[in-house]
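Enquirer:
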Amino acid sequence: MAINTAPRPGAPSDTIPSVKWQSAWNFERIHALLIFGLFILYGTFRAFENNYYDIPRMFEAGNFLSADGTVPHLLSPYYSPPLHHLSFWPAFLSPSLLLLAFPGSFRFSCYFCRRTYYRAVFGTPPSCAAKEVMKRSNYTGEREFPFYLQNLHRYTLYFIMVFVFFHWLHLIEAFNFGGGKYGVGVGTLICAVDTVLLSLYVGSCHSFRHLVGGITNKFSASTRTMFEAKVWKRVSKLNERHGTFFWTSLYSVGLYDFYVRSVASGAIRDLHVILISR
Ligand code: FES
Numbered sequence: 434m435a436i437n438t439a440p441r442p443g444a445p446s447d448t449i450p451s452v453k454w455q456s457a458w459n460f461e462r463i464h465a466l467l468i469f470g471l472f473i474l475y476g477t478f479r480a481f482e483n484n485y486y487d488i489p490r491m492f493e494a495g496n497f498l499s500a501d502g503t504v505p506h507l508l509s510p511y512y513s514p515p516l517h518h519l520s521f522w523p524a525f526l527s528p529s530l531l532l533l534a535f536p537g538s539f540r541f542s543c544y545f546c547r548r549t550y551y552r553a554v555f556g557t558p559p560s561c562a563a564k565e566v567m568k569r570s571n572y573t574g575e576r577e578f579p580f581y582l583q584n585l586h587r588y589t590l591y592f593i594m595v596f597v598f599f600h601w602l603h604l605i606e607a608f609n610f611g612g613g614k615y616g617v618g619v620g621t622l623i624c625a626v627d628t629v630l631l632s633l634y635v636g637s638c639h640s641f642r643h644l645v646g647g648i649t650n651k652f653s654a655s656t657r658t659m660f661e662a663k664v665w666k667r668v669s670k671l672n673e674r675h676g677t678f679f680w681t682s683l684y685s686v687g688l689y690d691f692y693v694r695s696v697a698s699g700a701i702r703d704l705h706v707i708l709i710s711r
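Residues 434 to 711, numbered by my numbering, are exactly what the sequence shown covers, in order.
In C-alpha cells:
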C-alpha cells in the first residue's frame with residue numbers, strides 16, 4: 434500500500450501539528466464525510482428508483498418529446514452494464530441494486546479511499562511521518578475482521594475492468610442520436626469525461642500496477658520482463674495522481690448519472706449538434 438510519507442507543511446514529524454495544519458486536516462475529514470455520505474444516499478436512491486436511466490427507452494415510453502426527432506443514446510453509469518436489456522431480466526428488479534455492489538466494493542476497498550475514510554471516521558492514521566494526534570491503544574492495522582476483507586480489492590479490480598470496457602462502448606453509443614443521425618451533445622461530452630476519468634482512476638490503481646507489472650512483490654527489475662518494467666514505470670507515474678483521479682471520477686460518475694436522469698425524466702433537454710445524417 435503506497436502512502437504519501439511526506440510531512441505536511443507545518444507538521445514536522447516530531448512535533449504536535451500546528452493549528453493551521455489541523456484546520457486542513459479537519460477540512461479533509463469533513464469533505465470526505467460529506468461527499469461519501471451524499472454519494473451513498475444518492476446511489477441508494479437511484480438504485481431503488483429503477484427509472485430514468487436509459488434515455489432511448491424513456492423516449493419510447495413517451496416520457497419526453499423530441500422536437501427534431503433526435504434521441505441521445507445515453508445510459509446511466511449506475512445501470513451499466515445494461516442487464517435490463519436481457520430478455521429474462523424482470524422489470525420490477527432494479528439492475529443497479531446488483532451492479533452498484535461492484536464499483537462500490539472496488540471504491541471502498543481502494544487504498545486511497547481507505548486512508549481517506551479511516552481518517553474521516555476514526556481520525557487516524559494522520560500520516561506515516563506525522564505524530565499521532567489520537568493515541569490508539571489497541572491498533573491492529575488491517576489484520577482483524579472486517580478490515581482484512583479489504584484485501585479483496587485486487588479481485589474487485591477484475592470486475593471493474595469489465596465496467597470500464599462497457600463505459601467505452603457507451604461512449605461510442607453516445608454519438609448516436611437515432612434515425613441514422615450522429616453528433617455531439619452535452620451528454621456525449623459528460624460521458625466522455627466520465628469514461629476517461631474512470632479509466633485513469635482504474636489505470637492508476639495500485640493493484641492494477643501490480644497486475645501489469647508482472648504480479649511480483651519485488652521491485653528489482655530482474656524479476657520482471659523489460660516490457661513489464663516499462664509498463665510498471667508508466668503506471669507508477671499515473672499512480673502518483675491516484676487520489677486526484679479518485680475524487681474527479683467520483684464526481685463525474687455522479688454528474689453523469691444526474692444528467693441522464695434529468696434528460697430521461699424530461700426535466701431538461703440535451704443540447705447537441707448533428708454532424709452526420711444518413
Ligand atoms: Fe485505489 Fe486500487 S488502489 S482503486
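For every residue, glycine included, the Cβ atom is placed at its ideal position computed from N, Cα and C.
Since we're looking at a predicted model, the values are computed, not measured.
Rounded to whole angstroms, what's the CA-CA distance from Y581 to I648? Just pull it up for me.
Expert: The sequence position of residue 581 within the sequence shown is 148, counting from 1. The sequence position of residue 648 within the sequence shown is 215, counting from 1. Between Y581 and I648, the C-alpha separation is close to 20 Å.
Enquirer: In this structure, does DSSP put R642 in helix, strand or coil?
Expert: Mapped onto the sequence shown, residue 642 falls at position 209. Helix at R642.
Enquirer: Quick test of the definition: if touching needs 3 or more C-beta pairs under 8 Å, does the region 694-709 touch the region 504-512?
Expert: Yes, since at least three Cβ pairs between the region 694-709 and the region 504-512 fall closer than 8 Å, the two stretches touch.
Enquirer: For E606, which residues from the same chain have a beta carbon less than 6 Å from its beta carbon, with the 5 sequence-adjacent residues on both sides left out?
Expert: Counted from its first residue, the sequence shown places residue 606 at position 173. Excluding positions up to five away in sequence, the list reads H506.
Enquirer: Report yes if the C-beta distance between S632 and V597 is below 8 Å; otherwise report no.
Expert: Indexing the sequence shown from 1 puts residue 632 at position 199. Indexing the sequence shown from 1 puts residue 597 at position 164. A contact, by the Cβ cut-off of 8 Å.
Enquirer: Is the beta carbon of F592 closer than 8 Å to that of S513?
Expert: As a working note, residue 513 is residue 80 in the sequence shown. As a working note, residue 592 is residue 159 in the sequence shown. Cβ atoms of S513 and F592: not closer than 8 Å.
Enquirer: Shorter than 7 Å, the distance from the beta carbon of F541 to the closest heavy atom of ligand 1, or not?
Expert: In the sequence shown, the residue the question calls residue 541 occupies position 108. Incorrect: F541 has no Cβ contact closer than 7 Å to ligand 1.
Enquirer: For the alpha helix (DSSP H) containing G537, list its first residue and its last residue.
Expert: In the sequence shown, the residue the question calls residue 537 occupies position 104. Here the alpha helix (DSSP H) through G537 covers A534 to F541.
Enquirer: What are the boundary residues of the beta strand (DSSP E) that includes G676?
Expert: Numbered from 1 along the sequence shown, position 243 holds the residue referred to as residue 676. Element bounds for G676: not the beta strand (DSSP E) but the alpha helix (DSSP H), H675 to A697.
Enquirer: Is the beta carbon of G687 less than 8 Å from the beta carbon of F555?
Expert: Mapped onto the sequence shown, residue 687 falls at position 254. Mapped onto the sequence shown, residue 555 falls at position 122. Not in contact: G687 and F555 (Cβ atoms no closer than 8 Å).
Enquirer: Does the Cβ of H586 lie closer than 7 Å to at least one heavy atom of ligand 1?
Expert: Stepping through the sequence shown from its first residue, residue 586 is reached at position 153. Result yes, Cβ under 7 Å from ligand 1.
Enquirer: For R711, would you say it is in contact with chain D, using Cβ-to-Cβ distances shorter than 8 Å as the test?
Expert: Considering every chain present, this structure includes no chain D. It has just one protein chain.
Enquirer: In chain order, what residues of the same chain lie with their CB nearer than 7 Å to the CB of R711, ignoring the 5 residues before and after it?
Expert: For the purposes of this step, residue 711 is taken as residue 278 along the sequence shown, with counting starting at 1. Around R711: G613.
Enquirer: Which first and last residues belong to the beta strand (DSSP E) in which S710 is found?
Expert: Looking up residue 710 in the sequence shown gives position 277. Taken as a continuous stretch (DSSP letters only), the beta strand (DSSP E) holding S710 covers H705 to S710.
Enquirer: Rounding to the nearest angstrom, what Cα-Cα distance links F460 and N609 in this structure?
Expert: Translated into positions along the sequence shown, residue 460 becomes position 27. Translated into positions along the sequence shown, residue 609 becomes position 176. Their backbone Cα atoms lie some 42 Å apart in a straight line.
Enquirer: In terms of residues, what are the limits of the alpha helix (DSSP H) holding V617?
Expert: Taking the first residue of the sequence shown as 1, we reach residue 617 at position 184. Note, V617: premise wrong, no alpha helix (DSSP H); beta strand (DSSP E) at K614 to G618.
Enquirer: Starting from F545, follow the alpha helix (DSSP H) in both directions and report where the run begins and ends.
Expert: The count along the sequence shown starts at 1 and reaches residue 545 at position 112. F545 -> alpha helix (DSSP H) spans Y544 to F555.
Enquirer: Roughly how many whole angstroms lie between the Cα atoms of R462 and R552?
Expert: As a first step, residue 462 must be located in the sequence shown, where it is residue number 29. As a first step, residue 552 must be located in the sequence shown, where it is residue number 119. Cα to Cα, the separation comes out at about 7 Å.
Enquirer: Please confirm whether Y634 and F679 have their CB atoms less than 8 Å apart.
Expert: Counted from its first residue, the sequence shown places residue 634 at position 201. Counted from its first residue, the sequence shown places residue 679 at position 246. The answer is yes: Cβ separation under 8 Å.
Enquirer: I'd like to know whether the C-beta atoms of R702 and V668 end up nearer to each other than 8 Å.
Expert: Taking the first residue of the sequence shown as 1, we reach residue 702 at position 269. Taking the first residue of the sequence shown as 1, we reach residue 668 at position 235. Against a cut-off of 8 Å, the Cβ pair of V668 and R702 comes out as no contact.
Enquirer: How about V626 and L708: do their beta carbons lie closer than 8 Å?
Expert: Mapped onto the sequence shown, residue 626 falls at position 193. Mapped onto the sequence shown, residue 708 falls at position 275. No. Outside cutoff.
Enquirer: At what residue ranges does the region 454-503 contain a whole run of the alpha helix (DSSP H), taking only runs of 4 or more?
Expert: Listed in chain order, the complete alpha helix (DSSP H) runs (minimum 4 residues) inside the region 454-503 are 488-493.
Enquirer: Between H705, H464 and G620, which lies nearest to Y689 when the distance is taken from Cα to Cα?
Expert: Against the sequence shown, residue 689 aligns to sequence position 256. Closest by alpha carbon: G620.
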